[in-house]
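A short write-up of the structure that comes next.
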Amino acid sequence: DAMVIQNPRYQVTQFGKPVTLSCSQTLNHNVMYWYQQKSSQAPKLLFHYYDKDFNNEADTPDNFQSRRPNTSFCFLDIRSPGLGDAAMYLCATSRDGGAYEQYFGPGTRLTVT
Amino acid sequence: GESVGLHLPTLSVQEGDNSIINCAYSNSASDYFIWYKQESGKGPQFIIDIRSNMDKRQGQRVTVLLNKTVKHLSLQIAATQPGDSAVYFCAENLGDSWGKLQFGAGTQVVVTP
Numbered sequence: 384d385a386m387v388i389q390n391p392r393y394q395v396t397q398f399g400k401p402v403t404l405s406c407s408q409t410l411n412h413n414v415m416y417w418y419q420q421k422s423s424q425a426p427k428l429l430f431h432y433y434d435k436d437f438n439n440e441a442d443t444p445d446n447f448q449s450r451r452p453n454t455s456f457c458f459l460d461i462r463s464p465g466l467g468d469a470a471m472y473l474c475a476t477s478r479d480g481g482a483y484e485q486y487f488g489p490g491t492r493l494t495v496t
Numbered sequence: 013g014e015s016v017g018l019h020l021p022t023l024s025v026q027e028g029d030n031s032i033i034n035c036a037y038s039n040s041a042s043d044y045f046i047w048y049k050q051e052s053g054k055g056p057q058f059i060i061d062i063r064s065n066m067d068k069r070q071g072q073r074v075t076v077l078l079n080k081t082v083k084h085l086s087l088q089i090a091a092t093q094p095g096d097s098a099v100y101f102c103a104e105n106l107g108d109s110w111g112k113l114q115f116g117a118g119t120q121v122v123v124t125p
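Protein chains in written order, with the numbering used here: chain A, 384 to 496; chain B, 13 to 125.
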């Protein structure tokens, strides 16, 4: 059974049109992460939540926001997508902070037209 | 559209041979390391991990070696199979309380018959 679920798997949006990507987990993990991955590159951390505490990476553009309404769900909001935001967006969870494995979802492939 | 990515280093391996994938990590304070396998269009999948108090750990057909002196990590895959074709990423836990991972650039493994 899938433990980290991302919806939709493929998302097409227009330049400047807000879009929301969804992640849910059945692991009851404390930490949830959002990564951006472009073609042939490593995943790049955008931000993460430890429970309800939000931590933004210093170089994450203001265009990217996140919400975590409860333990199970986390959302990535892109307020005004640009062509450069086209990428795979990966959600991951970890049981706790510190040295624990991160479990990744299948990703959402975002296309911006 | 998506910006053009970098070309990943590629390791071409004949089916049945052993593979060795190398990774240099950057932070002396890193205390936990993970190898992930990522197939095309999918999220990263955990392979094996190792903590900094160890120098070797074995799994099923995989072995991870850690050399803290030179900050080097390697993944050995025994009897490589076609299903092992993927991109392999090493990731280091930066030793903070958030469990943040920093990913290496990745290596594309191509298994030939």
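Cβ coordinates follow ideal geometry from the N, Cα and C atoms, glycine included.
CB contact check: residue i to chain B, cutoff 8 Å
i, result
"Q419/A", "no"
"A385/A", "no"
"S405/A", "no"
"I388/A", "no"
"G490/A", "yes"
CB contact check: residue i to chain A, cutoff 8 Å
i, result
"K68/B", "no"
"N65/B", "no"
"W110/B", "yes"
"G13/B", "Note on G13/B: pLDDT 37, under 50, position unreliable in the model; no value is reported."
"A36/B", "no"
"K80/B", "no"
"S39/B", "The identity of residue 39/B in the sequence shown is Asn, whereas the question assumes Ser. Not one chain A Cβ lies under 8 Å of N39/B."
"G17/B", "Residue placement at G17/B is poorly supported in this model, since its pLDDT is 48, which falls under 50; the coordinates still yield a value, given next. Answer yes: the Cβ-Cβ gap between G17/B and chain A drops below 8 Å somewhere."
"R118/B", "Before going on, a small fix: residue 118/B reads as Gly here, not Arg. G118/B counts as touching chain A."
Where residue i sits in the DSSP three-state scheme
i, result
"D445/A", "coil"
"D61/B", "strand"
"L113/B", "strand"
"L466/A", "helix"
"D479/A", "coil"
"D29/B", "coil"
"D460/A", "strand"
Beta-carbon spacing of residue i, residue j below 8 Å
i, j, result
"I33/B", "T119/B", "yes"
"A98/B", "L20/B", "no"
"L106/B", "N39/B", "yes"
"P444/A", "V495/A", "no"
Output, in sequence order along the chain, the residues in the stretch 417-441 of chain A whose CB is closer than 7 Å to any CB in chain B.
-> Listed by position, the residues of the stretch 417-441 of chain A near chain B (Cβ gap below 7 Å) are K421, S422, S423, Q424, A425, P426, L428, H431, Y433 and N438.
What residues in the stretch 90-101 of chain B bring their beta carbon closer than 9 Å to a beta carbon of chain A?
-> Within the stretch 90-101 of chain B, the residues whose Cβ lies closer than 9 Å to some Cβ of chain A are V99 and F101, listed in chain order.
Please name the residues in the stretch 47-64 of chain B whose beta-carbon is closer than 8 Å to at least one beta-carbon of chain A, in chain order.
-> Y48, G53, K54, G55, P56, Q57, F58, D61 and R63
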